[in-house]
Amino acid sequence: MRPVPTAVGSPQRASTRRARTPKRGRAPSLSFERAWWDRGAACVVGIDEVGRGSWAGPLTVGVAVLPTDRRVNGVRDSKMLTEARREALFDRVAEWCRGWAVGHAWPHECDELGMSAAQRLAAARALDSLGLPVDAVLMDGKWDFVGHDNTTMIVKGDAKCL
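Residue numbers 19 to 180, in the numbering used here, belong to the letters of the sequence shown in order.
Okay, here's the thing in structure tokens:
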């Protein structure tokens with residue numbers, strides 16, 4: 019299994035949990051990104067977290083910036099993919115993105131700061147590591163833990179948005 023590159027700290031291994039059974043329906047699209055691109059935003063960052071419900075591991079936030087001119091086939095909500103399929107897509111997706119990064123809040127930081135502040139810290143670390151000027155943010159969920167002026171919250175965004 020390939021370690022996931024990290025923005026801060028040591029590599030973490032991808033989850034070995036079994037993927038959910040894929041649901042049929044619409045594939046995620048670039049419609050949310052295109053809405054921002056059409057408004058002149060050159061750098062639209064997608065952001066999501068994992069580990070908020072964890073008792074022992076780090077809270078991790080991933081960010082990615084997609085190109086405006088091409089798409090990778092087979093990309094879905096990672097929870098709907100098998101571990102083997104996630105591994106097979108990793109290099110293609112990493113190469114395809116204009117930029118991507120991961121930030122962590124470690125267990126002692128989660129304990130000291132609380133989960134909400136730790137989530138903001140992990141997001142800030144990921145965005146700092148991205149090294150690109152952010153024009154807009156697309157966030158999976160209902161809570162804006164980044165606080166960027168141009169943020170779109172997307173409930174179940176990982177299934178709707180690339």
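Yeah, the Cβ is synthetic: ideal placement off N, Cα and C, and Gly gets one too.
Simplified DSSP assignment, three categories, for residue i
i: G75; result: coil
i: C179; result: strand
i: V173; result: coil
i: V152; result: coil
i: V164; result: coil
i: D129; result: helix
According to DSSP, residues forming a beta bridge with residue i
i: A119; result: V81
i: S47; result: C179
i: E67; result: V79
i: D158; result: I172
Buried versus exposed call for residue i [16 or more other C-beta atoms within 10 Å across all chains shown]
i: G132; result: exposed
i: G121; result: buried
i: A144; result: buried
i: A141; result: buried
i: G69; result: buried
i: M171; result: exposed
i: A102; result: exposed
Selection from the options that minimises the alpha carbon distance to residue i
i: D129; options: G64, I65 and G75; result: G75
i: D176; options: A59, G58 and E67; result: E67
i: F163; options: V79, G149 and G58; result: V79
i: K174; options: P46, G159 and A59; result: G159
i: E113; options: G58, V152, R89 and S72; result: R89
i: W124; options: P46, F50, S72 and W161; result: S72
i: D87; options: M157, W55, M98 and R103; result: W55
i: D167; options: V155, R57 and T100; result: V155
i: L77; options: S134, M157 and T169; result: S134
i: K178; options: W161, M157 and T169; result: M157
Close beta carbons around residue i, own chain, < 7 Å, minus the five adjacent residues each side
i: E127; result: A136 and L139
Residues of its chain near residue i, where Cβ-Cβ distance is below 8 Å and the 5 sequence neighbours each way are ignored
i: V83; result: C61, V62, V63, G64, C115, R116, G117, W118, L148 and L150
i: G165; result: R138
i: P85; result: W114, C115 and R116
Residue i CB to nearest heavy atom of the ligand SAM below 7 Å
i: A60; result: The model on display carries no ligand, and the ligand SAM is accordingly not part of it.
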